[in-house]
Amino acid sequence: MAPQTDSSRLDDDALAEFRELAVSAGATPVAVVTATRRRPDPKYFIGAGKVEEVRELIEHEGAELVLVDAPLAPSQERNLERLLKCRVLDRTGL
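Pasting the structure below:
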């Protein structure tokens with residue numbers, strides 16, 4: 781997942797670099813989800829609709845890990861793991 785705020789810019793090079801980072805860590809990316817928010821949601825970092833989109837994608841693809849190309853607070857990581865029922869790692873954890 782590659783979220784961005786108004787102050788950040790998401791481009792193809794940044795996505796490719798994050799994908800390579802994931803692959804070098806042993807992950808096999810199955811999908812990329814992008815999101816734009818003015819401010820990170822305090823509970824999940826992304827909005828409820830995007831969380832649901834990711835949850836459905838996890839079910840459909842059988843994903844076991846969600847990688848977030850942004851720093852998450854420990855509570856956001858924990859909340860996402862509970863809701864998505866899979867492991868969540870932010871860029872720092874990766």
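By the working numbering, the letter at position 35 of the sequence shown is numbered 815, and the numbering carries on one by one without gaps.
Glycine residues also receive a C-beta, built at the ideal position from the N, C-alpha and C atoms.
Model, not experiment: these values are computed from the prediction.
- Per DSSP, Phe798 has no beta bridge partner at all.
- Shown here for Gly827: same chain residues with a beta carbon closer than 8 angstroms to its own, the five before and five after excluded, namely Ala815, Arg817, Asp821 in chain order.
- Using a 10 angstroms sphere on the CB of Lys830, the tally of other CB atoms reaches 16 or more, which defines it as buried.
- Boundaries around Ala815 are those of the beta strand (DSSP E), 814-817, since no alpha helix (DSSP H) includes it.
- For Leu864, the uninterrupted alpha helix (DSSP H) segment begins and ends at 854-864.
- Asp792 counts as exposed, since fewer than 16 other C-beta atoms from the protein chains shown sit within 10 angstroms of its C-beta.
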